[in-house]
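**Q** This is the structure, below, for whatever I ask next.
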Amino acid sequence: MKRTLAAVFGLVALATLIVVSFAFAQAPIKVRIGFNPTQNSDQLRPAAQAIADFIEKEFRGTVEVEIFIPTEYRGLIEAMRGGNLDFAFYPPDGYVIAHRDVGAQVLLKSVRGTSPYYWSAIIVRKDSGIKNVRQLEGKTIAWVDKNSAAGYVFPRAALVTAGLEPDKLFSKQIFAGKHDSAVLAVLNKSVDAAATFANDDKNKSGAWTQFLKPEEAAQLTAIFYSKPIPGDTFSVSKQFQAKYPSLTKGIAAAIQRIKSPGSKLLLDLYRIDYMIPAKDSDYDVVREARKVAGQD
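Next comes the structure, spelled out in structure tokens:
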């Protein structure tokens with residue numbers, strides 16, 4: 006009888022172990038994705054969550070996606086440094102820093118329209134009478150963030166290259182934190198000018214047309230465009246890529262399958278039409294601009 010009971014308990018223990026092992030084997034892999042805070046998080050969060058839901062659906066429940074939206078650009082880098090972030094939609098400048106400081110690897114870059122580039126623009130009110138950057142002497146400007154390619158690094162580098170010292174040119178410089186805030190600062194006459202992103206260099210599409218009503222956007226104009234900037238990135242932490250190389254490729258492939266007009270997920274997120282493979286050397290132009298702007 007004792008042997009029979011021992012055998013029964015042994016079988017129960019074995020069955021329990023098999024069930025527990027199977028449950029753990031089937032547990033979804035947690036994937037943490039960070040999103041660049043280009044605008045108000047209340048507007049960005051639904052679009053970010055839609056991307057997370059799409060990836061979970063593509064992988065049929067084998068991954069669980071958690072989104073992270075920091076309050077400032079540097080937050081994505083620090084989260085990845087701390088091992089709390091697996092992927093991130095880094096802006097170009099943020100990617101360069103993340104690659105240098107925490108080993109982030111670029112997987113994809115964004116395409117808007119048909120171009121894998123965008124521009125920095127300095128915008129003013131049309132009724133300001135300001136026609137070029139030299140007329141900004143003694144004026145006030147809103148930058149976005151010191152880690153923003155379009156909102157700081159590229160326009161500052163361009164001014165320095167033109168022989169204009171920003172710290173002497175402007176009577177006051179502020180950091181708005183987000184592109185929509187910078188645009189609103191010009192519209193509301195809180196500052197004379199702002200540096201922000203543009204989707205072309207024809208004065209047709211940019212942060213001011215994206216975040217403002219048409220009648221408001223019509224009151225602003227660009228007086229300067231930078232050289233082309235390589236598109237925003239989708240990058241991975243070196244730890245996640247080393248641990249899950251196949252999953253890393255799979256998630257990148259899933260993001261590549263999002264294309265407008267068939268899907269508006271990336272369009273709703275950052276006005277991206279689709280993303281294409283990228284390599285680290287694509288961002289050497291950003292590194293050069295950082296040096297000229299005095300960021301390195």
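Just add 5 to the spot in the sequence shown (first one is 1) and you have our numbering. Don't be surprised by glycine CBs; every beta carbon is placed ideally from N, CA and C.
1. Alpha carbon to alpha carbon, how far is Tyr122 from Gly87?
2. Just grab the DSSP bridge partners of Leu225 for me.
3. Measuring straight from C-alpha to C-alpha, what distance separates Ser195 and Ala294?
4. Excluding sequence positions up to five away, which residues of its chain have a Cβ less than 8 angstroms from the Cβ of Asp285?
5. Nearest by alpha-carbon distance to Gly236: which of Tyr95, Arg139, Ala223 is it?
6. What does the Cβ neighbour count give for Pro33, buried or exposed, with the cut at 16 atoms within 10 Å?
7. Provide the residue span of the beta strand (DSSP E) that contains Phe175, from first to last.
8. To the nearest angstrom, how far is the alpha carbon of Ala28 from that of Thr238?
9. Would you list the residues sitting across from Val36 in a DSSP beta bridge?
10. Find the nearest neighbour of Ser185 within the set Phe202, Ala52, Glu61, judged by alpha-carbon distance.
11. Compute the Euclidean distance between the alpha carbons of Leu113 and Arg130, then round it to the nearest angstrom.
12. In the structure shown, what three-state DSSP assignment does Gly168 receive?
13. Exposed or buried, which one is Asn41 when buried takes at least 16 other CB atoms within 10 Å?
**A** Considering the structure as presented:
1. For the purposes of this step, residue 122 is taken as the residue at position 117 of the sequence shown. For the purposes of this step, residue 87 is taken as the residue at position 82 of the sequence shown. One C-alpha to the other measures close to 30 angstroms.
2. Here the question's residue 225 lines up with position 220 in the sequence shown. Answer is Arg130.
3. By one-based count along the sequence shown, residue 195 stands at place 190. By one-based count along the sequence shown, residue 294 stands at place 289. Looking at the two C-alpha atoms, the distance is approximately 28 angstroms.
4. To locate residue 285, count along the sequence shown from 1; it is residue 280. Cβ contact annotation for Asp285 (same chain, cutoff 8 angstroms, sequence separation greater than five): His104, Gln110, Val111, in chain order.
5. Here residue 236 is taken as the residue at index 231 of the sequence shown, counted from 1. Ranking the options by Cα distance to Gly236, first place goes to Tyr95.
6. Position 28 of the sequence shown, counting from 1, holds the residue named residue 33. Classified as exposed, Pro33 has fewer than 16 neighbouring CB atoms from the shown chains inside 10 Å of its CB.
7. Within the sequence shown, the letter at position 170 stands for residue 175. Under the DSSP assignment, Phe175 falls outside any beta strand (DSSP E); it carries neither an H nor an E label.
8. What you label residue 28 is simply residue 23 of the sequence shown in a count that begins at 1. What you label residue 238 is simply residue 233 of the sequence shown in a count that begins at 1. At Ala28 the pLDDT is 39, less than 50, meaning the model places this residue with poor confidence; the figure from the coordinates comes in the next sentence. Between Ala28 and Thr238, the C-alpha separation is close to 35 angstroms.
9. Mapped onto the sequence shown, residue 36 falls at position 31. According to DSSP, Val36 bridges with Val70.
10. For the purposes of this step, residue 185 is taken as residue 180 along the sequence shown, with counting starting at 1. Reading off the sequence, residue 185 comes out as Asp, not Ser. Considering only alpha carbons, the answer is Phe202.
11. The sequence position of residue 113 within the sequence shown is 108, counting from 1. The sequence position of residue 130 within the sequence shown is 125, counting from 1. When the Cα atoms are used, Leu113 and Arg130 turn out to be separated by approximately 35 angstroms.
12. As a first step, residue 168 is located in the sequence shown; it is residue number 163 there, counting from the start. Correct three-state label for Gly168: coil.
13. Taking the first residue of the sequence shown as 1, we reach residue 41 at position 36. Flag for Asn41 reads buried.
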